[in-house]
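Numbering (UniProt numbering), first residue to last: 1 to 416.
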Ligand code: GLU
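What follows is the structure in structure tokens.
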């Protein structure tokens with residue numbers, strides 16, 4: 001049987017009781033037993049766990065999350081210790097070693113640092129350890145935050161080249177509408193193109209599959225995470241967090257299907273059949289993009305998802321075509337139509353495309369990211385010029401490119 005690298009994302013509501021705010025010990029024990037079983041059968045497991053802030057709140061007797069950032073950061077540092085201690089107590093009963101990894105975007109701002117973080121996780125996995133990742137809420141502020149742990153789990157899954165990402169949540173699967181309010185809502189079992197999904201997820205307080213009082217995400221952040229992870233080839237699964245044993249049955253089912261080369265329709269049929277006849281737990285599988293279209297390079301994944309963009313460069317369709325053709329070009333000053341925002345050299349910016357050079361900027365569509373060789377002020381001065389005019393204009397010319405082609409990335413669907 002094939003062995004996989006599996007990332008399991010646990011939200012606060014899986015770990016903390018919504019009413020009493022105490023740790024859900026029974027559920028945590030089930031999670032621990034399940035993941036140890038998977039580990040023992042040869043799979044590599046990474047957990048991305050929330051819960052620090054909620055546990056910190058309980059510890060100091062707060063029932064409402066404070067709005068002051070430093071107070072939330074303090075609570076996270078109180079709660080994170082208790083959270084990891086709890087996991088360690090439970091995993092230790094089964095002789096399973098765990099490791100704590102706390103991360104902010106700042107920690108992976110540099111590609112070498114990103115690779116170092118990846119290497120550490122790989123080393124831990126080789127040692128048979130289960131790393132437990134969380135955002136370093138104690139130190140992170142808005143500018144360097146991943147934001148929510150659905151996103152962090154998808155980035156982690158891409159970083160470690162996981163095969164599967166399980167987003168554990170409070171509904172079994174994705175539905176066409178909110179099953180709590182619409183009895184006609186239908187489960188969606190297999191998704192091969194998230195863009196073509198037609199689901200309603202935008203109810204304000206309770207999106208389908210989320211929006212509990214203690215969690216931060218909802219189905220919307222799960223869909224974003226699923227898109228991010230599937231672009232990197234990671235099949236993403238949404239299933240019920242209150243029955244973590246589901247993971248075992250789903251993995252067994254995947255192992256059974258692996259290598260059969262079933263079409264999407266056949267996969268859907270088989271899963272539906274297994275759900276109906278063999279009591280396979282309901283879940284949604286977002287299929288990872290096939291190898292030839294997924295993001296294969298770590299550098300590209302890092303450019304697209306590791307870095308936060310600081311501004312944008314507007315280019316026209318012709319320039320975009322040159323950046324995305326088979327023999328890709330670098331981004332020259334001549335290709336830049338407009339600069340938005342303030343950024344420094346080496347920072348990451350969005351590449352937005354307008355149909356023609358004189359099209360209104362409001363028509364610009366975000367397509368990809370690049371790391372620039374010049375600041376926003378410098379690019380404003382040299383935009384539209386030939387590269388050999390840079391020195392005359394700026395008094396120096398560090399590079400003929402605004403961004404070298406190795407520092408430009410587009411997600412798979414917009415890459416030609
Ligand atoms: N990092 C936060 C915590 O540990 C949770 C963020 C999230 O759930 O998205 O409390």
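Built from N, CA and C at the ideal position, the CB exists for glycine as well.
* What's the C-alpha gap between residue 129 and residue 46? -> Approximately 9 Å, taken between the alpha carbons.
* contact_flag[the stretch 131-146, the stretch 270-285] where n(CB pairs < 8 Å) is 3 or more -> Verdict: no, contact absent.
* Asked: With distances taken from CA atoms, which of 73, 160 and 179 is nearest residue 123?
  -> Ranking 73, 160 and 179 by Cα distance to residue 123 puts 160 first.
* Asked: Once you ignore the five residues that flank residue 401 on each side, which residues in its own chain have a CB closer than 8 Å to its CB?
  -> For residue 401, same chain residues with a beta-carbon under 8 Å away, outside a window of 5 residues either side, are 330, 331, 332, 373 and 387 in chain order.
* Span separating the alpha-carbon of residue 491 from that of residue 3 -> The structure shown does not extend to residue 491, since the chain is modelled only from 1 through 416, so no value can be given for it.
* **Reduced DSSP secondary structure (H/G/I, E/B, other) of residue 404** => In this structure, residue 404 counts as coil in the three-state DSSP scheme.
* Evaluate contact between the stretch 11-25 and the stretch 162-181, counting only Cβ atoms and requiring at least three cross-stretch pairs below 8 Å. => These segments touch.
* To do: Classify residue 342 as helix, strand or coil using the three-state DSSP reduction.
  => Three-state result, residue 342: coil.
* To do: Starting from residue 352, follow the beta strand (DSSP E) in both directions and report where the run begins and ends.
  => It spans 348-354 - the beta strand (DSSP E) in which residue 352 sits, taken as one unbroken run.
* Give every residue of the same chain whose Cβ lies closer than 7 Å to the Cβ of residue 357, excluding the five residues on either side of it in the sequence, and list them in chain order. => Scanning its chain for C-beta atoms nearer than 7 Å, with the 5 sequence neighbours on each side dropped, one finds around residue 357 the residues 316 and 337, in chain order.
* To do: Measure how close the beta-carbons of residue 376 and residue 350 come, nearest whole angstrom, since I'm counting them as under 8 Å.
  => That pair is no contact at about 12 Å.
* Asked: Who are the near neighbours of residue 72 in its chain, counting only those whose CB is closer than 8 Å to its CB and skipping five residues on each side?
  -> Cβ contact annotation for residue 72 (same chain, cutoff 8 Å, sequence separation greater than five): 53, 65, 66 and 137, in chain order.
* **Neighbourhood of residue 290 by C-beta distance below 6 Å, restricted to the same chain and skipping five residues each side** => Excluding sequence neighbours, residue 290 sits near nothing in its chain.
* Three-way DSSP call (helix, strand, coil) for residue 31 in this model -> The answer is helix: DSSP assigns residue 31 an H, G or I state.
* **Minimum length 4: unbroken alpha helix (DSSP H) runs contained in the stretch 49-84** => Runs of the alpha helix (DSSP H) lying entirely within the stretch 49-84 and spanning at least 4 residues, in chain order: 52-60.
* Asked: For residue 295 versus residue 287, is the C-beta distance shorter than 8 Å?
  -> Cβ distance not < 8 Å, so residue 295 and residue 287 don't count as in contact.
* Asked: Any heavy atom of ligand 1 within a distance shorter than 7 Å of the CB on residue 63?
  -> For residue 63, the shortest C-beta to heavy atom distance toward ligand 1 is 7 Å or greater.
* **residue 100 versus residue 227 - alpha carbon distance** => Answer to the nearest angstrom: the Cα atoms are 26 Å apart.
* **DSSP state of residue 209 mapped onto helix, strand, coil** => Only weak support exists for where residue 209 lies, its pLDDT of 42 falling under 50; the value from the coordinates is given anyway. Correct three-state label for residue 209: coil.
* For residue 374, which three-state DSSP category applies? -> Of the three classes helix, strand and coil, the one that applies to residue 374 here is coil, per DSSP.
* Measure the alpha-carbon distance for residue 113 versus residue 107 and round it to whole angstroms. => Note on geometry: alpha-carbon atoms of residue 113 and residue 107 lie some 7 Å from one another.
* **Per DSSP, cross-strand counterpart(s) of residue 100** => Listed as beta-bridge partners of residue 100 by DSSP are 132.
* With hydrogens ignored, establish whether the beta-carbon of residue 395 is closer than 7 Å to any heavy atom of ligand 1. => No; taking the cut-off as 7 Å, the Cβ of residue 395 has no heavy atom of ligand 1 nearer than that.
* Asked: Using CA coordinates, which residue listed in 370, 308 and 92 is at the minimum distance from residue 142?
  -> With respect to the C-alpha of residue 142, the residue from 370, 308 and 92 having the closest C-alpha is 308.
* In chain order, what residues of the same chain have a beta carbon less than 7 Å from the beta carbon of residue 301, not counting five sequence neighbours either side? -> Cβ neighbours of residue 301 beyond the five flanking positions: 158, 232 and 295.
* Specify, as a first and last residue, the run of the alpha helix (DSSP H) that residue 176 falls within. => No residue range can be given for residue 176, since it is assigned to no alpha helix (DSSP H) and is classified by DSSP as neither H nor E.
* To do: Kindly indicate the opening and closing residues of the alpha helix (DSSP H) around residue 158.
  => From DSSP, the alpha helix (DSSP H) with residue 158 extends over 149-159.
* Asked: In chain order, what residues of the same chain have a beta carbon less than 7 Å from the beta carbon of residue 410, not counting five sequence neighbours either side?
  -> For residue 410, same chain residues with a beta-carbon under 7 Å away, outside a window of 5 residues either side, are 324, 367 and 368 in chain order.
* Counted within 10 angstroms of its Cβ, other Cβ atoms place residue 182 as buried (16 or more) or exposed -> With fewer than 16 Cβ atoms within 10 Å of its Cβ, residue 182 is classed as exposed.
* Asked: Since residue 318 is in the alpha helix (DSSP H), which residue starts that stretch and which ends it?
  -> Per DSSP, residue 318 belongs to the alpha helix (DSSP H) from 317-324.
* **Cα-Cα separation between residue 362 and residue 154, rounded to whole angstroms** => Between residue 362 and residue 154, the C-alpha separation is close to 31 Å.
* For residue 4, the three-state DSSP class (helix, strand or coil) -> In this structure, residue 4 counts as coil in the three-state DSSP scheme.
* To do: Going by CA-CA distance only, name the one from 51, 270 and 94 that's closest to residue 35.
  => The residue from 51, 270 and 94 with its alpha-carbon nearest to that of residue 35 is 94.
* To do: May I ask you to report which of helix, strand or coil DSSP gives residue 244?
  => Reduced to three states, the DSSP call for residue 244 is coil.
* When DSSP builds the beta bridges, which residues end up paired with residue 284? -> DSSP, once it has assigned bridges, lists 238 as partnering residue 284.
* Asked: If you follow the alpha helix (DSSP H) that residue 12 is part of, which residue opens it and which one closes it?
  -> Here the alpha helix (DSSP H) through residue 12 covers 12-15.
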